[in-house]
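Student:
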Amino acid sequence: MDHPPALTTGTTPHRPAGPRTLHRFANPGRFLRATARVMPFLWGASILVLGVGLAWGLWFSPPDWQQGETVRIMYVHVPMAWLAMGGYTGLAVLSVMSLIWRHPLADLTARELSPVGAAATALCLVTGSLWGKPMWGTWWVWDARLTSVLVLFFLWLGHAALVRAFDDAERGARAGAILALVGIVNVPIVKFSVDWWNTLHQPASVTRLDAPGMHVDILYPLLTCALGFTLLFGTVVLARTRAAVMERRVRALQFARARREDAVPA
Amino acid sequence: MTRKKRRLMVLLLAGLGLGTATALTLTAFQDNLVFFLSPSDVIAQRPTGDRAIRLGGLVETGSVERRTGADGRPAATFRISDGPNAISVTYAGVLPDLFREGQGVVTLGRLLPDGSFRATEVLARHDETYMPPEVADALRRSGHWNPSQGAAPPAETWNTAPRNGRSGG
Amino acid sequence: MTLHWWHITLSYLLTFGVFAALAIGAALRHRAARRLLDTLDPRADRRGEQP
């Protein structure tokens, strides 16, 4: 049941897993066992929901009365924007767990989260550009919304690079957590930029689910795509974190084996 | 537990400081963070001279005149309004697809001494409403909305309207 | 195909392509790590870490 400490910890100091705190999942073996069962369901649900969302968004939803078919870019652009901001908020929560409770799994998850978040933010920017050219008449403007999302992209990239820049993984995680928490001020700026200043980008349509500024035939495929991409995003991050936990234990086992072989006199 | 509490306090204090600093900075740069000026802003500030400015607002109903310029390129004059004030704009070039009366636009250009605006770039700014063509048609036919007069009626009056009776929009 | 549809197609291809690549990459890395762990630590099977 329990692994010898040297095998479970890798580089981060091991803490006893208390039953009532978040440290329950700090035990890597317990984390792997608890998540192993749900992985196939998560993959299946992601693919199913995204398949429905893709078909709905591309074929079974109406065009917009003035944007025409181009409105379909929204079904990929808006979920990417929500994931860029929601994922970054998740990164900030993980950073708090890392800095205050020194939660080793939070460090690993943050490390595996930031490249995926950077990808989502890059896709948000690129699909936004592909939408802006035919609708606004420009690929890019330096308004408050677009600029703050570009800053968000650089924060994601910076975090991904910083946590990998240290030989000591724990110091890298600490530096990354501080960067992530400093960068969190940008999230409300992204969200409210369209309300605080005038921008070329339009204000939010879905502020409250009961009174969206869009027709339900456009809203439902959007929500389906958003759910599908969120599921896939979470599943990818979870799979990467599980892989990272296993890789860490592989390194520890290889190190222990090498040491045993060294100890045997030739 | 005390060490964890201390770390939490340090984090909260740092967050408070960072938040305050950001809010102050953003307030200080308020004027530079707006993407465009409204006709009222432009009339109040009269930013003449060499610096190009962005003027934005709604295209006034009945003000658009499209013609062909001396060089054979399309050109247009129209008025940009924010309600109380309006400025007339001349532009030579192709207008974006979404350009129409009642639509939001942002133009880049210079204010001329006579108080009119010569734009070198016109960008369309669409609002946050999305509706199928059939629903827009129904609202127009029933007299609830004229898109050239302004924004769509409140969303809850149409966002669950059925889309049958397709008319080739 | 009109220009608008080119923009739509490119947006969908990019988004679904990047996410498919991320998913396949994560799944392959996950499988490789599990195989390596199984050879190094065969007890893992009996602890029920396999789905």
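Just so you know, the sequences run in chain order A, B and C. Taking the numbering used here, the leading residue of the first sequence gets 116, the next gets one more, and so forth. Taking the numbering used here, the leading residue of the second sequence gets 912, the next gets one more, and so forth. Taking the numbering used here, the leading residue of the third sequence gets 49, the next gets one more, and so forth. Heads up, the beta-carbon is just placed ideally off N, CA and C, and yes, glycines get one too. Bear in mind that the values here come from a model prediction, so they are computed numbers and not experimental data.
1) Under 7 Å between beta-carbons, which chain C residues line up against V317(A)? List them in chain order, please.
2) Measuring only between beta-carbons, confirm whether T242(A) sits less than 8 Å from chain C.
3) Check whether the stretch 263-280 of chain A touches the stretch 223-235 of chain A, counting contact only when three or more Cβ pairs, one atom from each stretch, lie closer than 8 Å.
4) For E1039(B) and W254(A), what's the separation of their Cα atoms in angstroms?
5) Strictly below 8 Å CB to CB, what residues from chain C border V164(A)?
6) Which partner residues does G985(B) have in the DSSP bridge list?
7) Going by DSSP in three states, R94(C) sits in which element: helix, strand or coil?
8) Can you check which of these residues, L937(B), A981(B), A934(B) and F1010(B), is closest to S974(B) by C-alpha distance?
9) Check the DSSP bridge columns for V1017(B) and list the partner residues they point to.
10) What does a CB cutoff of less than 6 Å around A997(B) pick up in its chain, not counting 5 residues either side in sequence?
11) Does the ligand PLP have even one heavy atom less than 7 Å from the beta-carbon of P327(A)?
12) Between P1043(B) and the rest of its own chain, which residues show a CB-CB distance below 7 Å, the 5 nearest in sequence each way excluded?
13) Quick one: is G252(A) near chain C, going by C-beta distance under 8 Å?
14) If you run the structure through DSSP and keep just helix, strand and coil, what is S390(A)?
15) Who are the Cβ neighbours of W246(A) in its own chain at under 8 Å, not counting the five residues just before and after it?
16) Starting from the N-terminal side, write out each stretch of the alpha helix (DSSP H) that is 4 residues or longer and does not extend beyond the stretch 201-261 of chain A.
17) I need the DSSP call for F1028(B), collapsed to helix, strand or coil.
18) Under 8 Å Cβ-Cβ, which residues of chain C neighbour G183(A)?
19) Y335(A) to F268(A), Cα distance in whole Å?
20) When you compare only the Cα positions, how much space is there between A1030(B) and H316(A)?
21) Using CA atoms only, rank isn't needed, just tell me which of V1046(B), F1028(B), R1036(B) and G1015(B) is closest to D961(B).
22) For F67(C), does the three-state DSSP call read helix, strand or coil?
23) Beta-carbon within less than 8 Å of P177(A)'s beta-carbon, same chain only, minus the 5 sequence neighbours each way: which residues are those?
24) Find the residues of chain C that neighbour V191(A), judging by a C-beta separation of less than 7 Å, and give them in chain order.
25) Verify whether the separation of the beta carbon atoms of V66(C) and A234(A) is less than 8 Å.
26) How big is the Cα-Cα spacing for F940(B) and L966(B)?
27) Mind pulling the chain B residues with CB within less than 7 Å of N313(A)?
28) Is the stretch 341-352 of chain A in contact with the stretch 63-81 of chain C, if contact means three or more CB pairs nearer than 8 Å?
29) So with Cβ pairs under 8 Å, would you call T1071(B) a contact of chain A?
30) List, in order along the chain, the chain A residues whose C-beta lies closer than 8 Å to that of R1036(B)?
31) Buried or exposed: which applies to V278(A), given that a residue is buried once 16 or more other Cβ atoms fall within 10 Å of its Cβ?
32) At the 8 Å Cβ level, is V1033(B) part of the contact set with chain A, yes or no?
33) Please work out which residues of its chain come closer than 6 Å, Cβ to Cβ, to G202(A), disregarding the five sequence neighbours upstream and downstream, and give them in chain order.
34) Taking only beta-carbon positions, decide if V365(A) is within less than 8 Å of chain C.
35) Which same chain residues end up closer than 6 Å to L919(B) when comparing Cβ atoms and leaving out the 5 residues on each side of it in sequence?
36) Leaving out the 5 sequence neighbours to the left and right, which residues in its chain are closer than 6 Å to S1059(B) when beta-carbon positions are compared?
Tutor: The answer reads as follows:
1) Per the sequence presented here, residue 317(A) reads as Gln, with Val not at that position. Within chain C, no residue comes near Q317(A); the closest Cβ sits about 18 Å away, beyond 7 Å.
2) So yes, T242(A) belongs to the interface.
3) The stretch 263-280 of chain A, when compared against the stretch 223-235 of chain A, does touch it at the 8 Å Cβ threshold.
4) Approximately 19 Å, taken between the alpha carbons.
5) In chain order: nothing, as chain C lies at least about 13 Å away.
6) According to the sequence displayed, residue 985(B) carries Pro and not Gly. Paired residue(s): T979(B).
7) Confidence is the limiting factor: at R94(C) the pLDDT is only 41, short of 50, which leaves the residue's position unreliable, though a coordinate-based value still follows. R94(C): coil per DSSP, three-state reduction.
8) Nearest option by C-alpha distance: F1010(B).
9) BP columns for V1017(B) point to G967(B) and L1034(B).
10) Cβ within range, chain order: P950, E971 and R990.
11) In terms of ligand content, the structure shown is empty, and the ligand PLP therefore cannot be addressed.
12) So the list reads R1074, once near-sequence residues are dropped.
13) Answer no: the Cβ-Cβ gap between G252(A) and chain C never drops below 8 Å.
14) Because chain A is modelled from 116 through 381, residue 390(A) falls outside the range shown and cannot be assessed.
15) Here the set comprises T185, I188, M189 and H192.
16) Runs found: 219-250.
17) F1028(B): strand per DSSP, three-state reduction.
18) Neighbours of G183(A) on chain C, chain order: H52.
19) Their Cα atoms are separated by approximately 28 Å.
20) For A1030(B) and H316(A), the distance between alpha carbons rounds to 20 Å.
21) Sorting V1046(B), F1028(B), R1036(B) and G1015(B) by C-alpha distance to the C-alpha of D961(B) places F1028(B) at the top.
22) Helix.
23) Same-chain partners within the cutoff: H330, D332 and I333.
24) What V191(A) touches in chain C: S59, Y60 and T63.
25) Yes.
26) Looking at the two C-alpha atoms, the distance is approximately 19 Å.
27) Under the 7 Å cutoff, chain B gives V945, F946, F947 and G967.
28) Yes, the stretch 341-352 of chain A touches the stretch 63-81 of chain C.
29) It does; some Cβ of chain A falls within 8 Å.
30) Per Cβ cutoff of 8 Å: W251, L315 and Q317.
31) It counts as buried.
32) True, the Cβ-Cβ gap to chain A drops below 8 Å.
33) Apart from sequence neighbours up to five positions away, the residues of its chain that approach G202(A) with a beta-carbon distance below 6 Å are G232, ordered along the chain.
34) Taking Cβ atoms only, chain C reaches closer than 8 Å to V365(A), which makes this a yes.
35) There are no such residues.
36) Excluding its 5 nearest sequence neighbours in each direction, S1059(B) has C-beta neighbours in its own chain below 6 Å: T972, E1012 and G1013, listed in chain order.
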